[in-house]
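Here the structure is laid out as structure tokens; the discussion comes afterwards.
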Amino acid sequence: QEEREAQAKADKIKLALEKLKEAKVKKLVVKVHMNDNSTKSLMVDERQVTRDVLDNLFEKTHCDCNVNWCLYEMYPELQIERFFEDHENVVEVLSDWTRDTENKLLFLEKREKYDLFKNPQNFYLPNKGKNESKEMNDKNKEALLEESFCGPSVIVPEIEGALYLKEDGKKSWKRRYFLLRASGIYYVPKGKTKTSRDLACFIQFENMNIYYGSQHKVKYKAPTDYCFVLKHPQIQKESQYIKYLCCDDRATLHQWVTGIRIAKYGKTLYDNYKCAVKKAGLSFRWANQGTVEPAAPAGSLSAGAVQANGQIPQAARPSSVEFPETQKKVDTSEVQSNNISGPGLAESVMRPQKYQSKRTSLQPPPPPERRSSAVSVSPLLPSKVKRDSGIYLTDPDSFPAPPPLLKIDFPPPPSDFCEPPPDFVPPPPPASSSSNGDLPLPPPPPPPPLSNKPAPPTKKPVPLPSKRLESTGEAGEPRSAGPSATGSGGRQADFMSDLMKALEKKRGSSS
1 QEEREAQAKA DKIKLALEKL KEAKVKKLVV KVHMNDNSTK SLMVDERQVT
51 RDVLDNLFEK THCDCNVNWC LYEMYPELQI ERFFEDHENV VEVLSDWTRD
101 TENKLLFLEK REKYDLFKNP QNFYLPNKGK NESKEMNDKN KEALLEESFC
151 GPSVIVPEIE GALYLKEDGK KSWKRRYFLL RASGIYYVPK GKTKTSRDLA
201 CFIQFENMNI YYGSQHKVKY KAPTDYCFVL KHPQIQKESQ YIKYLCCDDR
251 ATLHQWVTGI RIAKYGKTLY DNYKCAVKKA GLSFRWANQG TVEPAAPAGS
301 LSAGAVQANG QIPQAARPSS VEFPETQKKV DTSEVQSNNI SGPGLAESVM
351 RPQKYQSKRT SLQPPPPPER RSSAVSVSPL LPSKVKRDSG IYLTDPDSFP
401 APPPLLKIDF PPPPSDFCEP PPDFVPPPPP ASSSSNGDLP LPPPPPPPPL
451 SNKPAPPTKK PVPLPSKRLE STGEAGEPRS AGPSATGSGG RQADFMSDLM
501 KALEKKRGSS S
């Protein structure tokens, strides 16, 4: 127990020390700007490098994770910008910013970041023609990179040429001849030669960062817009210690900036590139695991010239890519389910496979179509296409093998289909019995119609006129309704005639 207690105390002490270390770790909340003007906020500590921050951004943005993505630093006040190297400590760089700074961090794609390792011939073979540099093989590129970065010392590309230098505190530019060396940049003084004795040191790369200049032609009246700047990381405002250089074109600018990066960071650049390529490859494979599968049927469709053949294999099986293996599995499963002799079927199945391997585009469809009893019309289409194709030598050899399959396969399907009918047959008998129970009810309705036939006369629409006769004051006999009605009609006629005569007499007397 004492040992356990001592061990528990030791563990607690370790945890407390770790927490203290974590508490001492410097952390910053960084706002990163995206291409679509949106922003992402990240918590970055001093133990993280640019590669770690990029991985976090990949998870948040779900981008393709290619090698060209980088953290891009912008100085609006100085109008300079650069991309972070993957091994740089982000917190150290950001801690040099002032509180009221307008500097920004962007998440962008820049080909210039690792163009050196994609086309090393453009930097290490500047004297070669452009056509020769483009035709360099991948093997030669790898050999050139290994020779330059994996040797005892890193080879810095030999870059030299005339550049424009901005004078301190002025907007005037002077043209001088500069040379790149591993220790820094040198220039040739007036009246001197390019020999190492005569070269003067312009700047060394220790505690210096290189930046691209933006719109310096407008701000500093530079000869061109292709400028690069060298300054100390802690310099955040205009200073005489900032060096401005201007190139004639973009290609020379890119060569100088890349050469300075090689001289400053050496093999670390190559290691960063390898790490970025590995992570990009892993993310690419992981993202395409689901998309690689549908690519197979596309190839099978292109391989098979018949449209019907392209449609049927999609639903039933892959015909061109993994046809033999999947076919064996399907056939063995059918044999086990139907309890049929295995070796005979295996031989019969292997035969059509041999023929189908010869004509994958024409013959794969028939066997699966004939096996599935549900599909009866579709097998006719591939057969017609076979006739139109004009191939008769191999077809007759392939047809004899399927017929035994048909003879063997057809018995099991009827057995499968015969099994469901009994399931459906039992329900009908109860339904018929229930219908028979309903049948006795219809017979009683027929007799009522017979009794209903006298019913309409019972309604007696005639008695109504008989009541009218009673209202006249004459009684009709109930026994003979017919004659009474006729008699009353005659009496009414006589009565009317008498009235007419009486009226005529009155008129005559009055006249």
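Positions 1 to 511 (UniProt numbering) are the ones given, in order, by the sequence shown. All C-beta atoms, glycine included, are put in the ideal place defined by N, C-alpha and C.
For residue i, name the three-state secondary structure that DSSP assigns.
i, result
"T224", "coil"
"G161", "strand"
"A276", "helix"
"V44", "strand"
"G151", "coil"
"A16", "helix"
"N137", "coil"
"K31", "strand"
"A502", "helix"
"R176", "strand"
"A182", "coil"
"F205", "coil"
"K166", "strand"
"T195", "coil"
"V218", "helix"
"V49", "strand"
Could you give the distance in angstroms between the alpha-carbon of residue i and the alpha-carbon of residue j?
i, j, result
"A280", "A263", "26 Å"
"S214", "M74", "10 Å"
"N89", "H232", "16 Å"
"V93", "P223", "31 Å"
"R82", "I13", "44 Å"
"V277", "V67", "6 Å"
"Y265", "K166", "26 Å"
"N140", "C63", "31 Å"
"Y226", "K192", "27 Å"
"A251", "V44", "35 Å"
"T39", "L71", "13 Å"
"residue 534", "K113", "The requested residue 534 does not occur in the structure, where the chain is confined to residues 1 to 511."
"K217", "S239", "18 Å"
"K27", "W69", "23 Å"
"G476", "D498", "In this predicted model, G476 has a pLDDT of only 41, less than 50, meaning its place in the structure is not dependable; the value taken from the coordinates is given anyway. Taking the straight line from one Cα to the other gives about 22 Å."
"I203", "Y211", "15 Å"
"P152", "T268", "14 Å"
"C247", "L20", "51 Å"
"D55", "Y124", "31 Å"
"S510", "K501", "14 Å"
"K237", "L15", "44 Å"
"C201", "C275", "35 Å"
"L503", "M496", "11 Å"
Around the Cβ of residue i, are there at least 16 other Cβ atoms within 10 angstroms (buried) or fewer (exposed)?
i, result
"F117", "buried"
"R261", "buried"
"H254", "buried"
"R4", "exposed"
"Y17", "Sequence inspection shows Leu at residue 17; the Tyr mentioned does not correspond to that position. Answer is exposed; the Cβ neighbour count stays below 16."
"Q1", "exposed"
"Q7", "exposed"
"Q48", "buried"
"E85", "buried"
"S148", "buried"
"V32", "buried"
"T98", "exposed"
"G508", "exposed"
"N137", "exposed"
Would you mind working out which of the options sits nearest residue i, comparing C-alpha positions?
i, options, result
"C65", "A23, V25, K110 and I159", "K110"
"I242", "S95, V93, T98 and Q79", "Q79"
"L180", "S510, S196 and I13", "S196"
"A162", "E238, Q7 and K174", "K174"
"V29", "Q7, A8 and V91", "V91"
"L282", "T39, T101 and F58", "F58"
"V229", "K194, Y164, Y273 and S148", "Y164"
"Y186", "E238, W256 and Y220", "W256"
"E158", "D168, E85 and Q121", "Q121"
"E77", "K60, D100 and S95", "D100"
"D168", "Y220, L199, D36 and A23", "Y220"
"D36", "T61, L42 and K24", "T61"
"E46", "E22, K237 and K501", "E22"
"K171", "Y244, L145, K104 and D494", "Y244"
"R51", "L145, V25 and N272", "N272"
For a test of your reading of the model: does the CB of residue i fall under 7 Å from any non-hydrogen atom of the ligand FMN? Yes or no.
i, result
"I185", "The model depicted lacks the ligand FMN and carries no ligand whatsoever."
Closer than 8 Å, CB to CB, is residue i near chain C or not?
i, result
"D225", "Absent here is chain C; the protein component of the structure consists of one chain."
Return the chain-ordered ranges of every alpha helix (DSSP H) run that is complete within the segment 62–131 and spans a minimum of 4 residues. 90–95, 115–118 and 121–124
Going residue by residue through the segment 229–283, where are the continuous beta strand (DSSP E) segments of at least 3 residues, counting only ones entirely within it? 243–246
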